[in-house]
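Worksheet: the structure to be examined is printed underneath.
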Amino acid sequence: MIYIHVPFCERKCNYCAFNSKRGDEAEKNSYVKALIEEINLRGDNSKVETIYFGGGTPATLTLNQLEKILCAVNKNFFVEAQAEITIEANPGTVLSIRNEELGIRNYYGAKSIPHSSFLIPNCSYLRGLKVLGFNRLSLGVQSFDDALLKILGRIHDSRTAIETIALAKNFFVNVSLDLMYGLPNQTLNHLRRDLELVKNLDVRHVSIYGLEIEEGTKFFELARAGKLNLPDENTCADMYDLITETLPAFGFNRYEISNFAVKNFESRHNIGYWTGKKYFGFGAGAHSFDGKQRTSNVRDVATYIKKNFSIVEEVVTPQAAMEEFCFLGLRMTEGISARTFEKNFGKNIFDVFGGVIDKNRRLGLLEVDGDKIFFTARGMSLGNEVFADFLL
Ligand code: SF4
3 MIYIHVPFCE RKCNYCAFNS KRGDEAEKNS YVKALIEEIN LRGDNSKVET
53 IYFGGGTPAT LTLNQLEKIL CAVNKNFFVE AQAEITIEAN PGTVLSIRNE
103 ELGIRNYYGA KSIPHSSFLI PNCSYLRGLK VLGFNRLSLG VQSFDDALLK
153 ILGRIHDSRT AIETIALAKN FFVNVSLDLM YGLPNQTLNH LRRDLELVKN
203 LDVRHVSIYG LEIEEGTKFF ELARAGKLNL PDENTCADMY DLITETLPAF
253 GFNRYEISNF AVKNFESRHN IGYWTGKKYF GFGAGAHSFD GKQRTSNVRD
303 VATYIKKNFS IVEEVVTPQA AMEEFCFLGL RMTEGISART FEKNFGKNIF
353 DVFGGVIDKN RRLGLLEVDG DKIFFTARGM SLGNEVFADF LL
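With this note's numbering as the guide, the letters of the sequence shown map in order to residues 3 to 394.
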């Protein structure tokens, strides 16, 4: 598995604490050069089943820049013919909005034309992604409500999102959407409307994120000043229930706490994380895991561009590995396998976590069926409390 971090966005969203920033063409070119050098340095010709371009907004790179990165990956790894290759994109970047104020350029690098908010469907870019080998498009829609999108500081509106999805469906079968809940001013009705729209958009995968207010964001300052009208805890719980009831009714199976997919369209890359597979992470702040040791790259983009590839190492102790196996695996509806636990760690899971498993079974949060240990529906919504129990 390979993760490639692209830290550039057109504009910083008001809630965003990811490693992302605005970048000009020169900075993007230097970053791509550094990325290629890192891939050349660390590539080991191993087999790759999934590649994930995340960010930031990887679709702010030109096709030419993406092609160079993919060439480096192909040169240094054995990418399987059936590999899942995902790119994250935003509706506002895929459908080019030529807007002087935002300074957005189109794919060809042409300067913005003087009319603001002029939408041009950018088929060439989507077609180009497909030609490069991307076969999964993950779109950061977040909401279909224009007022909420504005509060979030997103660069797109609802119409752009719907048009982008329709356009993307011409090139990609596997389109995924990100939606958010627990937003300022958001009501259950807003969310209901979002979910109804999803039903008719012919996408194959939906990821759901509850808003978290993180330090260093605009929302953090507004919340501290009491200027953010956030839904209360009960409303957020109702929103979560609405999502988990509605999406399966529309044909999206819930295969993980926050992820829903049409059968056979589950994210292979994310399942790899939850099942403890090895992965390479390239780019500023990217993490890697070789089965024993976790490492992370320097987070600062300017430092990374100077080809500072020194990594921070974190040895995963056997105890931490067992804990992780449980709380990552339990995120998935199919849960964890006692046999796999024994194969990986040479111990019986009930000898190590028997007390925790029994306690949560009694509380109706966990179930055991043969080899499998998994969450009940109630356990899924109280996941964090159960995960805490698994920390030895
Ligand atoms: S598009 Fe995503 S990564 Fe970029 S600023 Fe917004 S939330 Fe952050």
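Ideal Cβ placement from N, Cα and C applies to all residues, glycine included.
Less than 7 angstroms separating the Cβ of residue i from some heavy atom of the ligand SF4?
i    : result
G337 : no
N92  : yes
K14  : yes
C18  : yes
T88  : no
G58  : yes
S260 : no
G212 : no
S145 : no
G278 : no
S22  : yes
G331 : no
G142 : yes
C11  : yes
Output the boundary residues of the beta strand (DSSP E) element that contains residue i.
i    : result
V81  : F80 to A91
A2   : Past the edges of the chain, shown from 3 to 394, lies residue 2, and the structure says nothing about it.
V50  : K49 to G57
S298 : Q295 to N299
N255 : N255 to E258
V314 : I313 to V317
F267 : First-last for F267: undefined, no H or E at that position.
I6   : I4 to V8
F291 : H289 to F291
What residue range does the alpha helix (DSSP H) around residue i cover?
i    : result
Q321 : P320 to G331
L368 : L368 -> not in any alpha helix (DSSP H); beta strand (DSSP E) instead, spanning L368 to D371.
N418 : Because the chain here runs from 3 to 394, residue 418 falls outside it and cannot be looked at.
I273 : R270 to W276
H192 : L190 to K201
K132 : C125 to L134
F221 : K220 to R226
Where does residue i sit, in a helix, a strand or coil, going by DSSP?
i    : result
F173 : coil
Q144 : strand
G283 : strand
G385 : helix
S160 : helix
L63  : coil
S32  : helix
R138 : strand
K70  : helix
K14  : coil
K229 : coil
L394 : coil
What does DSSP give as the partner residues of residue i in its beta bridges?
i    : result
G212 : Y183
N350 : Partner(s): none; N350 has no beta bridge.
K374 : S339 and D371
K308 : In DSSP, K308 forms no bridge with anything.
S178 : S140 and H207
K23  : F10
For residue i and chain D, any beta-carbon pair shorter than 8 angstroms?
i    : result
R364 : The structure shown contains no chain D; it is built from a single protein chain.
Are the stretch 223–237 and the stretch 257–265 touching, with three or more C-beta to C-beta distances below 8 angstroms? no
Please determine if the stretch 314–323 and the stretch 268–275 are in contact, where contact requires at least 3 C-beta pairs separated by less than 8 angstroms. no
Quiz prompt | Cβ pair count under 8 angstroms reaching 3, the stretch 30–48 against the stretch 65–83 | solution = yes
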